[in-house]
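Worksheet: one structure, shown below.
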Amino acid sequence: MNSVTHIRDLGVEGVHRVIEQALTWKRTDPGQHLAGKLLGMVFFNPSLRTRTSFEAAMIRGGGHAVVLEVGGGVWKLEHNDVRMDQDKTEHLREAVPVLGRYLDALAVRSFSQGGGDAEDEADAVVNGFAQYSSVPVISMESAREHPCQGLADLLTLRERFGNLKGLPLTLSWAPHIKPLPKAVPNSFLLTAAAMGCEVRVAHPQGYDLYGPVLAEAKELAQEAGGSVDVTGSQKVALAGSVALYAKAWGPSDPSAFVSDSNRDWMPTLEHFDSMSPEAVLMHCLPVRRDLEVAAEVLDSARSAVIDEAENRFHVQRVLLHRALQGEI
Amino acid sequence: MNSVTHIRDLGVEGVHRVIEQALTWKRTDPGQHLAGKLLGMVFFNPSLRTRTSFEAAMIRGGGHAVVLEVGGGVWKLEHNDVRMDQDKTEHLREAVPVLGRYLDALAVRSFSQGGGDAEDEADAVVNGFAQYSSVPVISMESAREHPCQGLADLLTLRERFGNLKGLPLTLSWAPHIKPLPKAVPNSFLLTAAAMGCEVRVAHPQGYDLYGPVLAEAKELAQEAGGSVDVTGSQKVALAGSVALYAKAWGPSDPSAFVSDSNRDWMPTLEHFDSMSPEAVLMHCLPVRRDLEVAAEVLDSARSAVIDEAENRFHVQRVLLHRALQGEI
Amino acid sequence: MNSVTHIRDLGVEGVHRVIEQALTWKRTDPGQHLAGKLLGMVFFNPSLRTRTSFEAAMIRGGGHAVVLEVGGGVWKLEHNDVRMDQDKTEHLREAVPVLGRYLDALAVRSFSQGGGDAEDEADAVVNGFAQYSSVPVISMESAREHPCQGLADLLTLRERFGNLKGLPLTLSWAPHIKPLPKAVPNSFLLTAAAMGCEVRVAHPQGYDLYGPVLAEAKELAQEAGGSVDVTGSQKVALAGSVALYAKAWGPSDPSAFVSDSNRDWMPTLEHFDSMSPEAVLMHCLPVRRDLEVAAEVLDSARSAVIDEAENRFHVQRVLLHRALQGEI
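Quick note, the sequences are listed as chains A, B and C, same order.
Heads up, the first sequence is in my numbering, so the first residue is 1 and it goes up one at a time.
Heads up, the second sequence is in my numbering, so the first residue is 1001 and it goes up one at a time.
Heads up, the third sequence is in my numbering, so the first residue is 2001 and it goes up one at a time.
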């Protein structure tokens, strides 16, 4: 079906191909490569970058996008096979095939419902879209992953550091007032592993990433010639790293969440002292200033966050192109 | 004004013309027939199919659509001539002429407010749009009718069964947890009558369609060489029918509604035993599985619901084209 | 940066230039003058005319628009430099530069928060956009001003009365059930002053426009050869005026608001008796009938309100063109 809902749909070779093509197209614009194509963007959750960068990718490529907001302009959608006597008006089993009759591809955003790692791993909504769709489906973030973000992050590193194989990177947990989903850390981990980086994951006790995701990352790393290591010490991880990817996520036990805890994990300029001289701060955005990341870092030359955001556009137009050409 | 807000705006000849042209354009794409045209889509209520199929029709024809959500991105609109000291910020008497200065046509969705048959018959909002507009207005469902749905339904039957004259069809009431509007059953009835079908309406006691709608359907049937009959027995209606159009609607007396009543009216595969061997299940969607229609029917080859939805696109681009060409 | 967030960004010469070019383009369509251009429209508040006229301007010029609704499809945005531990998810310092990577220009609507004249004068949100943006920013109404409305209003007068220098106009306060912002009266005042009109401002006691705005208007009037006078008597102001611009706004002391007070300030046909024979009723819309303006005036030939609304399109496509060409 040429869908991309998880990094495993691309694999090591596919991840490399997307990033290299994005790099090429950033230098040499592909022109009207999406002419006549119509993308449906289905949002179960809000968006700023994703919405704008996907719509811009379609339009600048000569195509168009239709935006559908579930629970807003569109009624609520059911994905479980139940007698539908509650508040959800339509099932994905009808909605998705119908959209496929009007549109050339679908993009879907459906965040984690906060039910825990196993529920996120099942990723029922985005998998339902992929299952019922007759046209390619691209994830705009689901419970388990945000593959476009991971690809944009690695394109940013590819531009700054050239060859990514063996590059030491730290994915560091950060404080927050809410237990955020793990889709972004999962995707950075999986994509960096697929690019053969030396990935160091640092988080306080109780904030483990989910086992099957870590296992998948390690397999990708092995295939790509990189590594994945986990530590409870942010300091150990940062030493010599070229990137500090800061990201808040919730604890393995949702009920164990403590708001605004572990404040010393928030990156400040001081955190860069032991890192590589050219080290950068990465974040998927939106970022809460002086809560997740110190404003002094975001406002410094260390910050790569605006470039990461721009690269969403570049990787997504490659994904859209390949999906619509049947080349995933 | 070349507006289409009710089936009577087309009449028997117009309904035939739209369906035949849609059939032709489904085989031979009309290309950029809407180039340079701009449609305003005004939603007082949510939408999935209607929103997407209208927007797709405009874009695939070379035009564009602007989507306005009343009570969301757009403030509430008044249609009664009152001193405006309540929560509605702008009157249709200003809003509609203003939109006509920017746009080439308007499409409007404004559901029944549940005030009963006489209020639905008056259809104040969509009629206000048609009255105040300097550009064509097309209904995307109003209190009384959903003409695009009726046209799409009959195109679906036209494709499956060829000549529609005298074709036995059943429009059957279905259970629901809410007293739904009658716009869809009204439109199927009127459009099928205009195509000369033998329409059998079946519903439990207390769920009569409104007299003036039935009378109009009978007039259309007479002109087109068909018939309209009403029965309290679903079984009698289904015998020999080629289509079971299942649709929930509320009782004539809104206060008499009983949630989830008459469960045996929900179509199951067994309901097809007495029907024509090639009989199909029809529904406008969204459909609540195992409440309005059994999942076993929706998941079977009996179901024509996805085709009906696709045909929304095909009839709407004909309506948009004719309205913008001044040929309604 | 070629942004237009306030009338002072244009000045007397710029205001004249925009209005004359809009007049020319109303006669001779500029064609695909925005081809390949992509505008991001960021709404903190609802819109009907602004949304539709900006989107129409982009599309008819060959470009496209992406619509973002803050607090709806987009999360809430912070503009103050604070530790972000409340309900706002992203700071303008990130959001605006990111949008500039995808889009060629931004349009922003952010109404007054009702915190009083000094807060409106600071105009923090629209000024934040202009400050952080790498692409031109155009105001779609902020706390202090609604420059596109002022320009459309004066284009309407230019069309009706030719030379505007010395033309006597009345900006009259009108009753309402809410203390509305002053952006529209401010903009009409500033733009009319910049066109050299004889502007008479009439309002009940306690409803003064803010001092710095009045002072700026008087400076513009002096440069342009016009005048600005304020009176507490609507009758005195109207005598001989060619336009009655009716607009509700709140009192200088927000706590002093009395709903629906000063009812005799609502324009009726009788109010036109002492005015010029060709005098017109102006209003930015939305207007509440029989509360702010009598329906009998809105439904008469006196009303210029639909023309004013149409002219939003005409001045905006000039602003968009000039901003994107770097010619503001």
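Cβ coordinates follow ideal geometry from the N, Cα and C atoms, glycine included.
Inset, instruction - Could you list which residues in chain A have their beta carbon closer than 7 Å to that of B:A1309, in chain order? - result: Chain A residues near B:A1309: V98 and R101.
Legend entry - Alpha-carbon to alpha-carbon, C:R2060 and C:I2328: Using only the alpha carbons, I get a separation of about 21 Å.
Inset, instruction - Kindly indicate if chain C contains any beta-carbon less than 8 Å away from that of A:S300. - result: With its beta carbon at least 8 Å from every one in chain C, A:S300 lies outside the interface.
Legend entry - Contiguous beta strand (DSSP E) assignments of at least 3 residues, all confined to the stretch 2253-2314 of chain C: Counting only unbroken stretches of 3 or more residues, the beta strand (DSSP E) elements lying wholly within the stretch 2253-2314 of chain C are 2280-2282, in sequence order.
Inset, instruction - Verify the CB distance criterion: does A:P286 have a CB-CB separation below 8 Å to chain C? - result: With 8 Å as the cut-off, A:P286 counts as an interface residue toward chain C.
Legend entry - B:L1099 versus B:W1025, B:Y1132 and B:R1008, residue with shortest Cα-Cα distance: Comparing alpha-carbon positions, the option among B:W1025, B:Y1132 and B:R1008 lying closest to B:L1099 turns out to be B:Y1132.
Inset, instruction - Can you check DSSP and say which residues form a bridge with B:G1040? - result: In the DSSP output, where bridge partners are listed per residue, B:G1040 has B:V1066 and B:L1106.
Legend entry - Spatially closest choice to B:P1204 from B:E1198, B:V1228, B:M1266 and B:N1163, by CA coordinates: Considering only alpha carbons, the answer is B:M1266.
Inset, instruction - With a threshold of 16 other CB atoms inside 10 Å of the CB of A:K88, please say whether the residue is buried or exposed. - result: Flag for A:K88 reads buried.
Inset, instruction - Please report how far the alpha carbon of C:M2195 lies from the alpha carbon of C:V2012, in whole angstroms. - result: Cα-Cα distance, rounded: 7 Å.
Inset, instruction - Evaluate B:G1073 with the Cβ neighbour count: other Cβ atoms within 10 Å of its Cβ, from every protein chain shown; 16 or more gives buried, anything less gives exposed. - result: Taking all protein chains in view, the Cβ of B:G1073 is crowded by 16 or more other Cβ atoms within 10 Å, so the residue is classified as buried.
Inset, instruction - Compare the C-beta of C:M2041 with all C-beta atoms of chain A and state if any pair is closer than 8 Å. - result: No, no contact with chain A.
Legend entry - Alpha-carbon spacing of B:Q1113 relative to B:D1260, whole angstroms: In a straight line, the C-alpha of B:Q1113 is about 21 Å away from that of B:D1260.
Inset, instruction - Give every residue of the same chain whose Cβ lies closer than 6 Å to the Cβ of C:H2079, excluding the five residues on either side of it in the sequence, and list them in chain order. - result: These residues qualify, in order along the chain: L2092, A2124, V2125 and G2128.
Legend entry - Range covered by the alpha helix (DSSP H) that runs through C:T2028: Element bounds for C:T2028: n/a, residue is neither H nor E.
Inset, instruction - Using a threshold of 8 Å, state whether the C-beta atoms of B:Y1210 and B:W1173 are closer than that. - result: Going by beta carbons, B:Y1210 and B:W1173 fall outside the 8 Å limit.
Inset, instruction - Go through its chain and collect everything with a Cβ distance to A:G62's Cβ below 6 Å, but skip five positions before and after it. - result: Taken in chain order, the residues that qualify are Q32, L34 and A35.
Legend entry - For C:H2360, three-class secondary structure by DSSP: This structure leaves residue 2360 of chain C out entirely; chain C is present only between 2001 and 2328.
Inset, instruction - Give the interface partners of C:P2267 over in chain B, defined as CB-CB distance under 7 Å, in chain order. - result: Within chain B, no residue has its CB atom less than 7 Å from the CB of C:P2267, the nearest being about 15 Å off.
Inset, instruction - Flag this pair as yes or no: are the beta carbons of A:L103 and A:L180 separated by less than 8 Å? - result: No, they are not a contact pair.
Inset, instruction - Please confirm whether B:R1109 and B:S1047 have their CB atoms less than 8 Å apart. - result: Between B:R1109 and B:S1047, the C-beta spacing is below 8 Å.
Legend entry - Start and end residues, alpha helix (DSSP H) containing B:K1178: Boundaries for B:K1178: no alpha helix (DSSP H) harbours it, and the DSSP string shows neither H nor E there.
Legend entry - Completely contained beta strand (DSSP E) runs for the stretch 193-258 of chain A, where each covers 3 or more residues: Within the stretch 193-258 of chain A, the complete beta strand (DSSP E) runs of at least 3 residues are 198-202, 227-231 and 243-247.
Inset, instruction - Name the residue from B:F1044, B:M1058, B:V1066 and B:T1050 whose alpha carbon lies nearest to the alpha carbon of C:R2049. - result: Out of B:F1044, B:M1058, B:V1066 and B:T1050, B:V1066 has the C-alpha closest to the C-alpha of C:R2049.
Inset, instruction - Output the distance between the C-alpha atoms of A:Q316 and A:E308, rounded to the nearest integer angstrom. - result: So the alpha carbons of these two residues sit roughly 12 Å apart.
Inset, instruction - Return yes when the Cβ of B:E1141 is within less than 8 Å of the Cβ of B:G1166, no when it is not. - result: Result no, Cβ atoms of B:G1166 and B:E1141 do not sit closer than 8 Å.
Legend entry - Spatial distance of C:L2169 from C:M2058 (CA atoms): C:L2169 and C:M2058: Cα-Cα distance of roughly 32 Å.
Inset, instruction - Please work out which residues of its chain come closer than 6 Å, Cβ to Cβ, to C:T2156, disregarding the five sequence neighbours upstream and downstream, and give them in chain order. - result: Excluding positions up to five away in sequence, the list reads A2304, D2307, E2308 and N2311.
Inset, instruction - Determine, using beta carbons only, whether B:G1062 comes closer than 8 Å to chain C. - result: False, the Cβ-Cβ gap to chain C never drops below 8 Å.
Inset, instruction - Give a yes or no on whether the minimum CB-CB distance between C:E2055 and chain B is below 8 Å. - result: Yes, contact with chain B.
Legend entry - Residues of the stretch 2079-2098 of chain C whose Cβ lies closer than 9 Å to any Cβ of chain A, in chain order: Correct list: D2081, V2082, R2083, M2084, D2085, Q2086, K2088, T2089, E2090, H2091, R2093, E2094, A2095, P2097 and V2098.
Legend entry - Integer-rounded CB distance, given that B:L1171 should sit under 8 Å from B:Y1245: At roughly 5 Å, the Cβ-Cβ gap stays under 8 Å, so B:Y1245 and B:L1171 are in contact.
Legend entry - B:S1233 versus C:R2289: straight-line alpha-carbon distance, rounded: Distance between B:S1233 and C:R2289, taken at the CA atoms: about 51 Å.
Legend entry - Closest residue to B:R1390 among B:D1273, B:K1247, B:R1101 and B:L1151 (Cα-Cα distance): For residue 1390 of chain B there is no data in the structure shown, the boundaries of chain B being 1001 and 1328.
Inset, instruction - Spatial neighbours of B:V1287 within its chain, please: CB distance less than 6 Å, with the 5 preceding and 5 following residues excluded, ordered by chain position. - result: The answer, listed in chain order, is V1293.
Legend entry - Contacts that A:E69 makes with chain D (C-beta to C-beta distance below 7 Å): No chain D is part of this structure, whose protein chains are labelled A, B and C.
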